[in-house]
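Residue numbers (my numbering): 233 to 593.
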């Protein structure tokens, strides 16, 4: 699959006059969340607050302030757009948007430690810049702030339901991460090899849970009926599975200048991702050759990695992952139309889904 930015225009979203593309829509909703995010981070002591600000892209490692921030802001935008799609003021979902963005950032900080990744978004990973201990503490601080921000947002049944949704997503996320790590210890082939079904279930927990939480919190804090909350939570989960499938494609075939990671990075690290496990599940010569190449991915250098990537593509692993992303996007669109009440916001949600599937980083 050729990775390229979707050319479909995003409809103008009420409350975001003049938005004509996905980036403008994301920027509009980032701006809605930014004041609350900065106010929340200011509650941290300077010793850890500076590290968190580096994590969020507000400072360089030496403490020099930077303009803008890091990340696409997809999860906050999903929460706010979902609230708008069910007929509410998007600002009603700011606490939920803030919470999911903080949880997402926490997970990236700890993921980089677990995976040993030294780069994140063309900068040093937090652990590389400040040390593992400080990075762990920064991640813990982000998680604590997320829970605290949402707990202050709403009282009564709605507040309790919001906290339950976030805590449930956290449990799923941690379980999914633990499964992902455990997959690295399993063989490439044989009865203990990771299956496509196992991988998909893990991806639903590791990635789908938080995107589902974002859309579910948007609907919940926007006052949607329980059925709509359920549908829109499931919509976000499908977007999460689409997101992970594209991540898996970029992990092998992404442009390093765009992704900020080396080409073939997932192959180099020996990660079991959807394109890879789908090929290894086949009883074919290509699968056996791929297993032999992956047995020691670092031994043959770039030539061996290129050969493995070519085998995966020839055996259909690249196409399968691309089809999976499109299939989950299609299901997400169906759920948007079934549950939403605001046409322009619903259309913008659908276009964010297109962005998820056709992004290049």
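Glycine included, every Cβ here is placed at the ideal spot set by N, Cα and C.
Query, Result
"Ignore the nearest five residues each way along the sequence and tell me which others in residue 261's own chain have a CB closer than 8 Å to its CB.", "248, 305, 308, 309, 312, 313, 322, 329"
"For residue 350, which three-state DSSP category applies?", "coil"
"Measuring alpha carbon to alpha carbon, tell me which residue in 264, 285, 315 is nearest residue 357.", "285"
"According to DSSP, is residue 595 part of a helix, a strand, or is it coil?", "This structure cannot speak to residue 595, because the chain is shown only from 233 to 593."
"With distances taken from CA atoms, which of 410, 445, 443 is nearest residue 430?", "410"
"Excluding the five sequence neighbours on either side, which residues of its own chain have a C-beta within less than 6 Å of the C-beta of residue 561, listed in chain order?", "474, 585, 589"
"Among the residues of its own chain, which have a CB less than 7 Å from the CB of residue 499, if the five just before and after it don't count?", "484, 529, 537, 540, 541"
"Are the CB atoms of residue 370 and residue 341 nearer to each other than 8 Å?", "yes"
"If we ignore side chains and look at the alpha-carbon of each, how far apart do residue 512 and residue 344 end up?", "26 Å"
"With distance defined between alpha-carbon atoms, name the residue in 384, 521, 509, 281 nearest to residue 415.", "509"
"Just checking my contact of residue 527 with residue 420 at CB under 8 Å: how many whole Å lie between their CB atoms?", "7 Å"
"With a CB to CB cut of under 8 Å and the five nearest residues on each side skipped, what residues in its chain are close to residue 567?", "463, 464, 466, 467, 470"
"Does residue 582 come out as helix, strand or coil in the three-state DSSP assignment?", "helix"
"Run through the DSSP bridge pairs and tell me what residue 322 is partnered with.", "None; residue 322 has no bridge partner."
"Would you call residue 396 buried or exposed, if buried means 16 or more other Cβ atoms sit within 10 Å of its Cβ?", "exposed"
"Considering only residues of the same chain and omitting the five flanking positions on each side of residue 381, which have a CB-CB separation below 8 Å?", "268, 272, 327, 330, 331, 334"
"Tell me which residue opens and which closes the alpha helix (DSSP H) that residue 426 is part of.", "Per DSSP, residue 426 belongs to no alpha helix (DSSP H) and is neither H nor E."
"Pick out the complete alpha helix (DSSP H) segments inside the segment 421-495, 4 residues or longer, and give them in chain order.", "428-435, 441-453, 458-485, 488-491"
"Does the Cβ-Cβ distance between residue 263 and residue 453 come in under 8 Å?", "no"
"According to DSSP, is residue 416 part of a helix, a strand, or is it coil?", "coil"
"In its own chain, which residues sit with a C-beta less than 6 Å from the C-beta of residue 418, not counting the 5 before and 5 after it?", "424, 426"
"Measure how close the beta-carbons of residue 441 and residue 404 come, nearest whole angstrom, since I'm counting them as under 8 Å.", "4 Å"
"Expressed to the nearest angstrom, what Euclidean distance is found between the alpha-carbon atoms of residue 377 and residue 270?", "11 Å"
"Tell me, which residues are paired with residue 308 by DSSP?", "DSSP output for residue 308 lists no bridge partner at all."
"Just the C-alpha distance for residue 438 and residue 408, rounded to the nearest angstrom, thanks.", "4 Å"
"Should residue 392 go down as buried or exposed, given a rule of 16 or more other Cβ atoms within 10 Å for buried?", "exposed"
"Helix, strand or coil for residue 275? Go by DSSP, reduced to three states.", "coil"
"Start and end of the alpha helix (DSSP H) containing residue 359?", "358-362"
"Per DSSP, which one or two residues make a beta bridge with residue 355?", "352"
"Do residue 524 and residue 315 have their C-beta atoms within less than 8 Å of each other?", "no"
"Assuming contact is defined by CB atoms lying nearer than 8 Å, are residue 373 and residue 449 in contact in what I supplied?", "no"
"Considering only the beta carbon of each residue, do residue 494 and residue 552 sit closer than 8 Å?", "no"
"Can you tell me the Cα-Cα spacing of residue 320 and residue 353, whole angstroms?", "34 Å"
"Taking all protein chains shown into account, decide if residue 549 is buried (16 or more other Cβ within 10 angstroms of its Cβ) or exposed.", "buried"
"Starting from the C-beta of residue 250, find all residues in its chain whose C-beta is less than 6 Å away, skip the five residues before and the five after it, and write them out in chain order.", "With a pLDDT of 36 at residue 250, under the threshold of 50, the modelled position of that residue is not reliable, and the figure given next carries that caveat. No residues qualify anywhere along the chain."
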